[in-house]
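Working notes, beginning with the structure itself.
4 protein chains.
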Amino acid sequence: MKTGHAHLYIPGPTIIPEEVRRALAVPMQDHRAPEFASLLTPIRYDLRPVFGTTDGTIALFPGSGTGAWEAAIANTLQAGDRVLMARHGMFSTLWVEMAERLGLDVDVVDVPWGAPCPVETFARKLAEDRDGRIRAVFVTHNETATGVASDVEAVRAEMDACGHDALLFVDGVSSIASVPFEMDAWRVDLAIAGSQKGLMCPAGLGVLALSPRALELAEKATMPRGYFHLFDMVNAHAAGSFPYTPPAPLLHGMRAALDRLAAEGLDRVFDRHHRLASGVRAAVAAWGLRTVAESPACASDTVTAIYTPDGVDAREVIAIARDRYNCYLGAGLGPLAGRAFRIGHLGDLNEGMCLSALSIVEMALNAAGARVPYGAGVAAAQETYAAPYTLRVVDGGIAAE
Amino acid sequence: MKTGHAHLYIPGPTIIPEEVRRALAVPMQDHRAPEFASLLTPIRYDLRPVFGTTDGTIALFPGSGTGAWEAAIANTLQAGDRVLMARHGMFSTLWVEMAERLGLDVDVVDVPWGAPCPVETFARKLAEDRDGRIRAVFVTHNETATGVASDVEAVRAEMDACGHDALLFVDGVSSIASVPFEMDAWRVDLAIAGSQKGLMCPAGLGVLALSPRALELAEKATMPRGYFHLFDMVNAHAAGSFPYTPPAPLLHGMRAALDRLAAEGLDRVFDRHHRLASGVRAAVAAWGLRTVAESPACASDTVTAIYTPDGVDAREVIAIARDRYNCYLGAGLGPLAGRAFRIGHLGDLNEGMCLSALSIVEMALNAAGARVPYGAGVAAAQETYAAPYTLRVVDGGIAAE
Amino acid sequence: MKTGHAHLYIPGPTIIPEEVRRALAVPMQDHRAPEFASLLTPIRYDLRPVFGTTDGTIALFPGSGTGAWEAAIANTLQAGDRVLMARHGMFSTLWVEMAERLGLDVDVVDVPWGAPCPVETFARKLAEDRDGRIRAVFVTHNETATGVASDVEAVRAEMDACGHDALLFVDGVSSIASVPFEMDAWRVDLAIAGSQKGLMCPAGLGVLALSPRALELAEKATMPRGYFHLFDMVNAHAAGSFPYTPPAPLLHGMRAALDRLAAEGLDRVFDRHHRLASGVRAAVAAWGLRTVAESPACASDTVTAIYTPDGVDAREVIAIARDRYNCYLGAGLGPLAGRAFRIGHLGDLNEGMCLSALSIVEMALNAAGARVPYGAGVAAAQETYAAPYTLRVVDGGIAAE
Amino acid sequence: MKTGHAHLYIPGPTIIPEEVRRALAVPMQDHRAPEFASLLTPIRYDLRPVFGTTDGTIALFPGSGTGAWEAAIANTLQAGDRVLMARHGMFSTLWVEMAERLGLDVDVVDVPWGAPCPVETFARKLAEDRDGRIRAVFVTHNETATGVASDVEAVRAEMDACGHDALLFVDGVSSIASVPFEMDAWRVDLAIAGSQKGLMCPAGLGVLALSPRALELAEKATMPRGYFHLFDMVNAHAAGSFPYTPPAPLLHGMRAALDRLAAEGLDRVFDRHHRLASGVRAAVAAWGLRTVAESPACASDTVTAIYTPDGVDAREVIAIARDRYNCYLGAGLGPLAGRAFRIGHLGDLNEGMCLSALSIVEMALNAAGARVPYGAGVAAAQETYAAPYTLRVVDGGIAAE
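Line by line, the protein sequences give chains A, B, C and D.
For the first sequence, the tail end lands on 401 under this note's numbering, and the numbers increase by one without skipping.
For the second sequence, the tail end lands on 802 under this note's numbering, and the numbers increase by one without skipping.
For the third sequence, the tail end lands on 1203 under this note's numbering, and the numbers increase by one without skipping.
For the fourth sequence, the tail end lands on 1604 under this note's numbering, and the numbers increase by one without skipping.
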């Protein structure tokens, strides 16, 4: 029998804060009453800074982030539209599949799992696309399967450099609310988040942010849409409601989560994720293991995927952590199955939590046959976490020294 | 400031049982761990008797019942397919709209709001459709907007009578788990329920049950589908999981709700709904008011829509109940706005709860200008609830005497 | 199997507000950490207005109100001290027993159950006590067993009239936070409340308020005390803590309850209790039944005890309400067993809740053999609840018109 | 602002299991209804094996463990009775104080804080007490302030050796339900536990177990008792209730906690505590620090008190852990203030939780000026936790190999 609390270090759903947990425990309510509007409207307003937007439109779709992907595509593109996408992990692969299913003409750039979005290849393809056939560029901001962060700002810079006016879509499901995201500054047209990652709620709400340009395009959309019809949603939202019965408890949870983010301060939230992730990466180095992320420059601050040594099955590491130590790690997905495991380090997290994950991983690695000195990774992370740190003002914001 | 508990008598979300409420309050968990499969698989199994099926396939889509509607259509029909539908309330109207958006060729039969599905018209149209152009017949088992129950069994009988082999789709969102539903006996091909009605959970899961024939058709489906792709879901379900992050707390709630339904016994659940509804209807009669349901024969056992007297604005009745008495009633929708209000009486309900609804309605009606003797409706319902009753065995089941 | 929510109309524990319920659901915490002091100190401060005191000292004893009784006596009186008490219900009887067990010389005035504290007899005895042998006068502000309110202010006036300087002890367990209580104005020396009544929390905290004079006396106390040693508690309280491990979740609940009382406003809380109680009493009159309270002047605003007609066993009424209708009524205690039942109407309550209690009682009374017209009591209460009412300023406060 | 979950490693209240947490979240209920008896009676029954008794009587006093101490003394001893006690930590000191306050003639044996109950001195004093003036021997099974376990069985053996028939009282507040306790085998007459330690509930219930002999003595008790009158409680318990309003949610929590203990198996619970404690002690050794417990033989399996190195203020260690790392450690009490800190390791705990405590302590120690190599203590504990272990059958039970 498992005892003690579960150590949940998958990259979502994340451990939710106590305030969110209590906020979720509301009785059922009338979603057509004025009180509901008073709940929904400020949530949509307060989600804007989390996306880094002041004029974006927020739509909350009951469902998972995958549903928000579909809403994004079906409301702004037409079947046959050409889009530019990279495939470098399980979630970018599924996104390509979704786009193809919905009839888009996807120009897929395959890069190794572990690499970020290939900005240069994108730049070249955009420059070559003189007649503007590419209608949209899709970027996976954080590949949850590989722990790789991509540079959305650089993609935008290349689009600008060649004067390409394609739409810019970003999957921020495992990045938004945990790392800096600048929808307005990067001129992102469609960004997607899910309730169960940095927004520190259970799964059940896909969050879509649309630029004014995307919203305008949606008025001419022709793809068949039912559940994900954008104007059903934004018109209902404007009246403080939903076009169908919403998961109201989740909205109370979202309210509490947004209040926490505001209380901590987004800059401090981002800094904390960076610091905690740095400790995890220091541990990986101390173990003598390799991250799936091909370089520190693209290492994600929300999840770290780690290769096991040759001969050590990552599935066994995961099973030992789970069955002996009540600890849940992310599996290696697709081609990484058995070769890598993942530590999620996002949401409502602190140093002690990361250290418990690392200390359990050390035991599980050894039990699975890897030779990792006990305490070595923990010590490396402790050095990181114990170091005095100051918040540095960067570009009007605050970043870690 | 509102005090005391809210009196929630809308037709969903319904008041949830304490066991469900506590079951929802779980910490987050790994939806890819074996424990999750051990949660999901029995839920799907135990949903079968609720739908009255032994060989149906259950798919749970994160989202609202509307999403399950889309999943039903998109996975079994093609654009251009002719379907036969009735329009006799807001939800059947929205269903027609959904079908048209997805490209179906809808043969709409308009009947007055308050009437049930026009079985004879359907029979005639089916008989006339000698070349079998009608691919599916859609029936709204319980029109939540009007409080009208339709006779699915009769529709099936007419289909059989003329040998029509169209699919039979049933919207059971506000009927399933509250009134008898016999998917197998009525040879329903696709039935839809939502978590927030008779299943006594918060909103957030659309439940789809497919007959073997519907499942087979789904293999040849051509409509573009992403989020609602049936085989993504049923294949993941077969492995004890979901194709994307599910709202896990809801599944714990569903587990508790199914346990309660089983403990009470479905026949007793149905009988209780009938008895409680009978009391509400007795009250309406005692008040001298009319139900929107055109006859007792089609009156719903889960929701009663009631016309206010001439000159009395139903919106005012609702606002008074809400603002003075912390009681939430359903609004008249569409053409019924201002003319009718609704009392939801489904889910985890008992006599005292119905009586509190009726006693508040009496005060709100009077305050809004209707002349309804205090206590008159309550007394009529009390007579009903106080009457000794026995469970009668009918067709191998149990029904109220 | 019981379905729907339980209708809890006992005079405590009362139905707790949702905010309190959520506030209780905290994880465990360190009761010696600074955060705990930040929780406890404002609670003690905010309890003062609830007791009507500005200079009283609040002590919270983990346990029931009975424990606070013991703390009151053991810390201010000596064995052999003469005290004046009335016995007119189960709780005053138990209080007498407690006093005698602790060695006090109790001058008991027995009056009929249903009568209030016999102010005139008290006045006579006090006037006769020329040598001041009576060290304390005990008044049960609200006899929970009979639904009788006593006039503390009148007792104080008589004490003043004859210049008696005995201490004045008041049991306010079922009155404080629900009806006006003026510790300072009435110069009460020791007042007792419990967490589970008007304070709208679960049981588990006895609350004691001491006048400066009582606190001074406590310094010379000689009765053996361990757990209930006052200075262990008030000294620990002064440092923001407890002398032993406190039930911390209850303090979070108390915080939420005090916030609610403040948000509603104490005057409005008192007015609401009066109005709801008036409706219950109107129902009793409409039924042709008698309250245990001998006159309207002493009828309690928090609980009504009602005699059943001859030949109708109150225990049967209670059992029917409980077993058929999931409704919990208070039993007749001691000599009232079988002859009376009680409706608790205090705490987080509204009109619809009282009406559900009354409508169930009507059914239970009839089922137990009483002839009570259905809806009659409900209608009488509805008349009361529907009447327009204004808040009237009385003595600087607000009272019902 | 603190983020992530709090790391609570005080020796009570302990982190409570999720099942307990959910079980606590019940609505209020009628404690005089039959359902309540159905809750209480099996709890009392199932507490027996936790105390190691088959014929002991269980009484649950609303309040803290301190209250159960008072109930134990006041119901079995008289003022002036001589009792034999050791003083070797804060809680044994407070127990002596309680005994003296209640008028007992306490023969106190002072031994150093860090030593266990001085069995030999007790043996000598008992042997010398030829006329049987010593009425009771008090043993603190686990001194929570020093992390020292005492040998109750050895005390019993010495009592038997000299044929002394004094009562044997044991404070098991921080031992019972976490380490083996054999009330019957050791012929303990009165044992005390609290809800907030090994019983994994919030504070609020003191649990008393009485031998038949103690129960018999209680019938002749003469000490004044009100709240803690044993027969009020056991008679009410026999009828399935309490003499005053109980904290009903706690009983639901206790039910869930007992179910967990039974599911894990008491022997495995005890073994787990031993194994987790061994890891903590290995860490202390690896740090080069000293436990307050003077030898491994008396080291507690539920809490470890640790001296900081000279010049390092334990209060600073505690404050750093709390303020930087959201971790709560136990303070050094009384003479240990500033010199020692404590790690509680009891209740619903696992390896990862202990490792997070140890890893935070390492950072806090260093930040406070101690030179402790990062990861050293963690590694020592990991070695312990990773070692394969088997359960060994001992005396018909199971113990760690």
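Built from N, CA and C at the ideal position, the CB exists for glycine as well.
- Nearest to residue 701 of chain B by alpha-carbon distance, out of B:449, B:556 and B:517, is B:517.
- The Cβ-Cβ distance between residue 1345 of chain D and residue 1376 of chain D falls below 9 Å.
- Taking 9 Å as the cut-off, the Cβ atoms of residue 96 of chain A and residue 169 of chain A do not count as close.
- Where residue 707 of chain B is concerned, there is no enclosing alpha helix (DSSP H), although the beta strand (DSSP E) around it starts and stops at 704-708.
- By the C-beta criterion, the region 1027-1041 of chain C is judged not to be in contact with the region 360-372 of chain A, since fewer than 3 inter-stretch pairs fall below 8 Å.
- For residue 410 of chain B, the enclosing beta strand (DSSP E) stretches over residues 408-410.
- The Cβ of residue 66 of chain A sits closer than 9 Å to at least one Cβ of chain B.
- Chain-ordered listing is empty here: chain B has no CB closer than 9 Å to the CB of residue 1029 of chain C, the nearest sitting near 33 Å.
- In the DSSP assignment, residue 58 of chain A falls within the beta strand (DSSP E) that extends over 57-62.
- Distance between residue 587 of chain B and residue 454 of chain B, taken at the CA atoms: about 10 Å.
- Identification of residues in the region 744-763 of chain B having a C-beta nearer than 7 Å to some C-beta of chain C yields 749, 750, 751, 752, 753, 754, 756, 757, 760, 761 and 763, given in sequence order.
- Positions of the beta strand (DSSP E) runs, each at least 3 residues long and wholly inside the region 1124-1160 of chain C, are given as 1129-1133 and 1142-1146 in order along the chain.
- Taken in chain order, the complete beta strand (DSSP E) segments of 3 or more residues contained in the region 146-184 of chain A are 167-171.
- With 16 or more other Cβ atoms from the protein chains shown falling within 10 Å of its own Cβ, residue 781 of chain B counts as buried.
- The closest CA to that of residue 721 of chain B, considering only C:1073, C:1143, C:1187 and C:979, is found on C:1187.
- Taking all protein chains in view, the Cβ of residue 1283 of chain D is surrounded by fewer than 16 other Cβ atoms within 10 Å, so the residue is classified as exposed.
- The C-alpha of residue 745 of chain B lies about 54 Å from the C-alpha of residue 911 of chain C.
- Here the alpha carbon of residue 224 of chain A sits roughly 20 Å from the alpha carbon of residue 539 of chain B.
- Between residue 10 of chain A and the set A:328, A:130, A:333 and A:358, the nearest pair of CA atoms involves A:328.
- Taking a Cβ-Cβ threshold of 7 Å, the residues of chain C close to residue 673 of chain B are 805, in chain order.
- In the structure shown, the three-state DSSP call for residue 453 of chain B is coil.
- For residue 759 of chain B, the closest C-alpha among the options B:403, B:408 and B:404 is that of B:408.
- The Cβ atoms of residue 13 of chain A and residue 197 of chain A sit closer than 9 Å to each other.
- Neighbours of residue 602 of chain B in chain C, taken as residues whose beta carbon is under 7 Å from its own, are absent, since the nearest beta carbon is some 16 Å off.
- Proximity of residue 18 of chain A to chain D, defined by a Cβ-Cβ separation below 9 Å, is satisfied.
- Between residue 845 of chain C and residue 826 of chain C, the C-beta spacing is not below 9 Å.
- Residues 474, 478, 480, 481, 482, 483 and 484 of the same chain have their beta carbon placed closer than 8 Å to that of residue 505 of chain B, with the five preceding and five following residues left out of the count.
- Rounded to whole angstroms, the separation of the alpha carbons of residue 304 of chain A and residue 333 of chain A is 13 Å.
- Ranking C:858, C:828, C:1184 and C:851 by CA distance to the CA of residue 1015 of chain C puts C:858 first.
- In the displayed model, residue 1448 of chain D falls within coil according to three-state DSSP, outside both helix and strand.
- Taking each of C:966, C:1041 and C:1152 in turn and checking the Cα distance to residue 1070 of chain C, the smallest one comes out for C:1152.
- Closest in alpha carbon position to residue 41 of chain A, among A:147, A:238, A:50 and A:5, is A:238.
- Between residue 116 of chain A and chain C, the shortest Cβ-Cβ separation is not below 9 Å.
- In terms of Cα proximity to residue 494 of chain B, the closest of B:529, B:464, B:524 and B:547 is B:547.
- Considering only beta carbons, no part of the region 250-262 of chain A lies closer than 8 Å to chain C.
- Taking 9 Å as the threshold, the shortest C-beta distance from residue 245 of chain A to chain B falls below it.
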